[in-house]
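S.K.: Residue numbers (this note's numbering), protein chains in the order written: chain C, 1354 to 1692; chain F, 1354 to 1692. Glycine included, each C-beta is placed from N, C-alpha and C at the ideal position.
2 protein chains.
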Amino acid sequence: MSAVQSREIHLKQRPNGVPTAADFELVTNSLPAPGPGEMLIRNVYMSVDPYMRGRMVERESYVPPFKLGEVLQGHAVGQVVQSNIDRFPAGTYVSHMFGWREYAISDGTMVMPVDPKIALSAYLGVLGMPGLTAYAGLLKHGRPKEGETVFVSAAAGAVGSLVCQIAKIKGCTVIGTAGSDDKVKYLLDELGCDFALNYKTCGDLTKALSAKVPKGVDVYFDNVGGSHLVAALNVMRAFGRIPVCGMIDQYNATGLPEGPGNIIQVIPKRISITGFIVSDHYDMMPEFMADMSQWISAGRIKWRETVSDGIAAAPAAFIGLFHGDNLGKAVVRLGPDKV
Amino acid sequence: MSAVQSREIHLKQRPNGVPTAADFELVTNSLPAPGPGEMLIRNVYMSVDPYMRGRMVERESYVPPFKLGEVLQGHAVGQVVQSNIDRFPAGTYVSHMFGWREYAISDGTMVMPVDPKIALSAYLGVLGMPGLTAYAGLLKHGRPKEGETVFVSAAAGAVGSLVCQIAKIKGCTVIGTAGSDDKVKYLLDELGCDFALNYKTCGDLTKALSAKVPKGVDVYFDNVGGSHLVAALNVMRAFGRIPVCGMIDQYNATGLPEGPGNIIQVIPKRISITGFIVSDHYDMMPEFMADMSQWISAGRIKWRETVSDGIAAAPAAFIGLFHGDNLGKAVVRLGPDKV
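#1: Give a yes or no on whether the minimum CB-CB distance between leucine 1582 of chain C and chain F is below 9 Å.
#2: Grouping DSSP H, G and I as helix and E and B as strand, with all else coil, what is valine 1380 of chain C?
#3: Going by other Cβ atoms of all chains shown within 10 Å of its Cβ, with 16 needed for buried, is glycine 1663 of chain C buried or exposed?
#4: Could you please give the first and the last residue of the uninterrupted beta strand (DSSP E) stretch that includes threonine 1659 of chain F?
#5: If we cut at 9 Å on Cβ distances, does threonine 1627 of chain C have a partner in chain F?
#6: Could you confirm whether any beta carbon from chain C is found closer than 9 Å to the beta carbon of glutamate 1611 of chain F?
#7: Apart from the five residues on each side of it in sequence, which residues of its chain come closer than 8 Å, Cβ to Cβ, to proline 1385 of chain C?
#8: Flag this pair as yes or no: are the beta carbons of histidine 1449 of chain F and glycine 1478 of chain F separated by less than 9 Å?
#9: For methionine 1637 of chain F, which three-state DSSP category applies?
#10: Which ranges would you report for the beta strand (DSSP E) in the region 1393-1478 of chain F if only whole runs of at least 3 residues count?
#11: For a cutoff of 9 Å on Cβ pairs, would you count alanine 1487 of chain F as touching chain C?
#12: Just checking, does the region 1597-1607 of chain C make contact with the region 1567-1577 of chain F on the three C-beta pairs under 8 Å criterion?
#13: Measure the Cβ-Cβ separation of threonine 1627 of chain F and serine 1625 of chain C and say whether it is below 9 Å.
#14: With DSSP run on the structure shown, which of helix, strand or coil describes proline 1483 of chain F?
#15: Indicate whether at least one CB of chain F lies closer than 9 Å to the CB of cysteine 1598 of chain C.
#16: Give the DSSP-derived three-state secondary structure of glycine 1532 of chain F in the structure shown.
#17: Classify isoleucine 1672 of chain F as helix, strand or coil using the three-state DSSP reduction.
#18: Taking the alpha carbon of aspartate 1571 of chain F as the point to measure from, which residue in F/Gly1407, F/Ala1374, F/Gly1556 and F/Arg1623 has its own alpha carbon closest?
#19: Using 9 Å as the limit for Cβ to Cβ distance, is arginine 1496 of chain C near chain F?
#20: In angstroms, rounded to a whole number, what distance separates the CA positions of glutamate 1423 of chain C and glutamine 1618 of chain F?
#21: Between C/Arg1440, C/Arg1367 and C/Ala1489, which lies nearest to methionine 1392 of chain C when the distance is taken from Cα to Cα?
#22: Report whether the distance from the Cβ of isoleucine 1654 of chain C to the nearest heavy atom of the ligand HEM is below 8 Å.
#23: What does a CB cutoff of less than 6 Å around phenylalanine 1419 of chain F pick up in its chain, not counting 5 residues either side in sequence?
#24: I'd like to check one pair, phenylalanine 1548 of chain F with isoleucine 1528 of chain F: are the Cβ atoms closer than 9 Å?
#25: Just how far apart, CA to CA, sit glutamate 1611 of chain C and valine 1505 of chain C?
#26: Where do the N-terminal and C-terminal ends of the beta strand (DSSP E) with serine 1502 of chain F fall, by residue?
#27: Assuming contact is defined by CB atoms lying nearer than 9 Å, are leucine 1550 of chain F and alanine 1509 of chain F in contact in what I supplied?
#28: Say whether chain C places a C-beta atom closer than 9 Å to the C-beta of serine 1414 of chain F.
#29: List the DSSP bridge partners of threonine 1554 of chain C.
#30: The beta strand (DSSP E) with isoleucine 1519 of chain C in it runs from where to where?
#31: For chain F, find out if any of its Cβ atoms is closer than 9 Å to the Cβ of arginine 1406 of chain C; answer yes or no.
#32: Can you tell which of C/Asp1542, C/Gly1490 and C/Asn1587 has the C-alpha that lies nearest to the C-alpha of isoleucine 1558 of chain C?
#33: Strictly under 9 Å for the Cβ-Cβ distance: is isoleucine 1630 of chain C near chain F by that measure?
#34: Which of the three DSSP states is assigned to tyrosine 1573 of chain C in this structure?
#35: Taking glycine 1579 of chain F as part of the alpha helix (DSSP H), name the residues at either end of that continuous run.
Set out below in structure tokens:
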């Protein structure tokens, strides 16, 4: 096979505040044939996720920042088209970390074969990183007990929508917040939430939550931070748990954001606030895959996707995450399932 | 025995901001002889503690607020002078909950006999509620491992000074903050802290901490909140634990205080922030008493007290807690050990 032309998205400049199209650049790269111990993957779907915003900032963190003028990274699923790795013969479908590009050369590191009988994009959502995030965050850090009340923010998003459904499976009362009436309807009608609020129109969030769940909440799964975290602290019951998955309210802050002024409530209410990262919980992958597959087969877990088409649409799909454009998992389709 | 004249401190008005003398009233009460199933206790020491500020506010909490125009409550140690309870014969020394008064009538609820061979005031500090608070908060919620670094705020106070020493016993590096050079000297020379900072003069607390412990801290025992919590989040290492015992910085806030603007750091650093209350940990009392008695005998735990004299001095002793007047445990001596 001759050199492959692969279009990819580079980080042109570090975003200041909410990312804009000018922060990204579409570049065509000519890939050589895979060398010994390498393979060439044609990507079918790539993921855009809020956490990627953090990697666009130049700072020390648990993963190094994206480099300016280089291709971005992220989860993707694709098909091996040419291979010098025995365990990934050509034709194999795989999930891997080289998203934001149409083709990738890989040495097999952090590559997993996936079952093409299931929708490939599911490996970027319900059966992928967002799925494990919801599962591990809720069950390990939220520790919901049957009969308890679970509050989920960004509940119509990739992670939140799964947290809501897993909490229902575990016998909890679930209240979710989202940023549009359509999303609220989705939470109630499709995801089985007991209560849902449009945080943009419900007025004071503490009062709105208290009106729906007067006894308060036992677990708050935080995807948002900011005023959501403040309201959660206000309505939290004694010994409540707050797994912190994300704080999308703060990802684009240009100064130091306002902190929760009522943080002192952790003392009288004996609240635990625990930040977590999905990659610390890969040990839960086998039970996650077993439970999730069974729940999907039984029709107990549903999901939706917001699909953009073509590599050129990836920056807009990513930017849309911060404007609430997505219902469920946002993915970008880079090519057909089969060629 | 005829009626006893007992002077006691009433809450005259709810403090607005830092409490002042005008919030309290000294009242003389005439106590009847104890009835059937009751005893009369002459108090020798009473405790003043920062947590009492919270009970002076009219709000729902884990304990009901103090009532206006009524005697305050708190820990005290005293001697039974007249008794109709078999298990507490006259002469017995006891710790109990009816402080802020010279004499108390009790039916024996929440009363424990104490050993008068040990300084009676110790039962209000190192062997009492502050001792168990330090022990349970650090060991159960802080979970320090040998070789880790523990940061303690209000480190020269009743609880903080014990946390520092228990952390040293557990093989940790300990850094404490306090509000005067004398207290800093006390932390280094008497309590065995590895490092100590006067937070009022050290400049930016994050930088000052980083200069002393460049690798960061694994456990932050929070007695203070506010800018101490912000600095702790900044210097925290991955998987750090923050047991929150108190937030004295915020007890006298008249509006909503500023929250930690860097709370998002809980995610990349996978930090746990856990509020706790000592009364949830009474199950640890036997191991606490065993460990603490042994450590005291071995000279591994030291303590100091700031003693005020006479019931009339109690409001000033309490108010002094918020001005940093006390080194170690603040107590009020109400009478001689023996009469």
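M.R.: Once the coordinates are examined:
#1: Counting from 1 along the first sequence, the entry for residue 1582 of chain C is found at position 229. Chain F contact via Cβ: present.
#2: For the purposes of this step, residue 1380 of chain C is taken as residue 27 along the first sequence, with counting starting at 1. It is a strand residue.
#3: Here residue 1663 of chain C refers to the residue found at position 310 of the first sequence. By the 10 Å Cβ count, glycine 1663 of chain C comes out exposed.
#4: Against the second sequence, residue 1659 of chain F aligns to sequence position 306. Element bounds for threonine 1659 of chain F: 1658-1662.
#5: Counting from one through the first sequence, the residue named residue 1627 of chain C turns up at place 274. Yes, threonine 1627 of chain C counts as interfacial toward chain F.
#6: Taking the second sequence and counting its residues from 1, one reaches residue 1611 of chain F at position 258. Closer than 9 Å to some Cβ of chain C, the Cβ of glutamate 1611 of chain F qualifies, so yes.
#7: The sequence position of residue 1385 of chain C within the first sequence is 32, counting from 1. Excluding sequence neighbours, proline 1385 of chain C sits near Ala1356 and Ile1458.
#8: Position 96 of the second sequence, counting from 1, holds the residue named residue 1449 of chain F. Position 125 of the second sequence, counting from 1, holds the residue named residue 1478 of chain F. Not closer than 9 Å, so no.
#9: As a first step, residue 1637 of chain F is located in the second sequence; it is residue number 284 there, counting from the start. Note: methionine 1637 of chain F maps to helix in three-state DSSP.
#10: 1429-1436, 1446-1449 and 1456-1459
#11: Working through the second sequence from its first residue, we reach residue 1487 of chain F at position 134. By this cut-off, alanine 1487 of chain F is not an interface position.
#12: no
#13: As a position in the second sequence, residue 1627 of chain F is number 274, starting the count at 1. As a position in the first sequence, residue 1625 of chain C is number 272, starting the count at 1. The answer is yes: Cβ separation under 9 Å.
#14: Walking along the second sequence from the start, residue 1483 of chain F turns up at place 130. Helix, per DSSP.
#15: Numbered from 1 along the first sequence, position 245 holds the residue referred to as residue 1598 of chain C. Yes, cysteine 1598 of chain C lies at the interface with chain F (some Cβ there is under 9 Å from its Cβ).
#16: For the purposes of this step, residue 1532 of chain F is identified with residue 179 of the second sequence, where counting begins at 1. Looking at glycine 1532 of chain F - three-state DSSP - the assignment turns out to be coil, as it is neither helix nor strand.
#17: For the purposes of this step, residue 1672 of chain F is taken as the residue at position 319 of the second sequence. Reduced to three states, the DSSP call for isoleucine 1672 of chain F is helix.
#18: Along the second sequence, read from residue 1 onward, the residue named residue 1571 of chain F stands at position 218. Per the Cα distances, F/Arg1623.
#19: Reading the first sequence from its first residue, position 143 is the one you call residue 1496 of chain C. Not one chain F Cβ lies under 9 Å of arginine 1496 of chain C.
#20: Against the first sequence, residue 1423 of chain C aligns to sequence position 70. Against the second sequence, residue 1618 of chain F aligns to sequence position 265. Approximately 27 Å, taken between the alpha carbons.
#21: Counting from 1 along the first sequence, the entry for residue 1392 of chain C is found at position 39. The option with the nearest alpha carbon to methionine 1392 of chain C is C/Arg1440.
#22: As far as ligands go, the structure on display features none, and thus does not contain the ligand HEM.
#23: Taking the second sequence and counting its residues from 1, the one referred to as residue 1419 of chain F is at position 66. If we look at phenylalanine 1419 of chain F and ignore the five residues flanking it on each side, its Cβ neighbours are Leu1364, Arg1408, Met1409 and Leu1425.
#24: Here residue 1528 of chain F corresponds to residue number 175 of the second sequence, with the count starting at 1. Here residue 1548 of chain F corresponds to residue number 195 of the second sequence, with the count starting at 1. Closer than 9 Å, so yes.
#25: Your numbering for residue 1611 of chain C matches position 258 in the first sequence. Your numbering for residue 1505 of chain C matches position 152 in the first sequence. Approximately 21 Å, taken between the alpha carbons.
#26: Counting from 1 along the second sequence, the entry for residue 1502 of chain F is found at position 149. According to the sequence shown, residue 1502 of chain F is threonine rather than serine. First-last of the beta strand (DSSP E) with threonine 1502 of chain F: 1502-1505.
#27: Taking the second sequence and counting its residues from 1, one reaches residue 1550 of chain F at position 197. Taking the second sequence and counting its residues from 1, one reaches residue 1509 of chain F at position 156. No, Cβ-Cβ distance for leucine 1550 of chain F and alanine 1509 of chain F is not below 9 Å.
#28: Taking the first residue of the second sequence as position 1, residue 1414 of chain F is located at position 61. By this cut-off, serine 1414 of chain F is an interface position.
#29: The residue you call residue 1554 of chain C lines up with position 201 of the first sequence. Answer by DSSP bridge pairing: none, since threonine 1554 of chain C is not bridged.
#30: Working through the first sequence from its first residue, we reach residue 1519 of chain C at position 166. Unbroken run through isoleucine 1519 of chain C is the alpha helix (DSSP H), 1511-1522; no beta strand (DSSP E).
#31: Reading the first sequence from its first residue, position 53 is the one you call residue 1406 of chain C. No, its Cβ sits nowhere closer than 9 Å to a Cβ of chain F.
#32: The residue given as residue 1558 of chain C occupies position 205 in the first sequence. The amino acid at residue 1558 of chain C is misidentified as isoleucine; the sequence shows leucine. Leucine 1558 of chain C has its Cα closest to that of C/Asn1587, out of C/Asp1542, C/Gly1490 and C/Asn1587.
#33: Numbered from its first residue, the first sequence carries residue 1630 of chain C at position 277. It does; some Cβ of chain F falls within 9 Å.
#34: What you label residue 1573 of chain C is simply residue 220 of the first sequence in a count that begins at 1. Here tyrosine 1573 of chain C sits in strand by DSSP.
#35: As a working note, residue 1579 of chain F is residue 226 in the second sequence. It spans 1579-1588 - the alpha helix (DSSP H) in which glycine 1579 of chain F sits, taken as one unbroken run.
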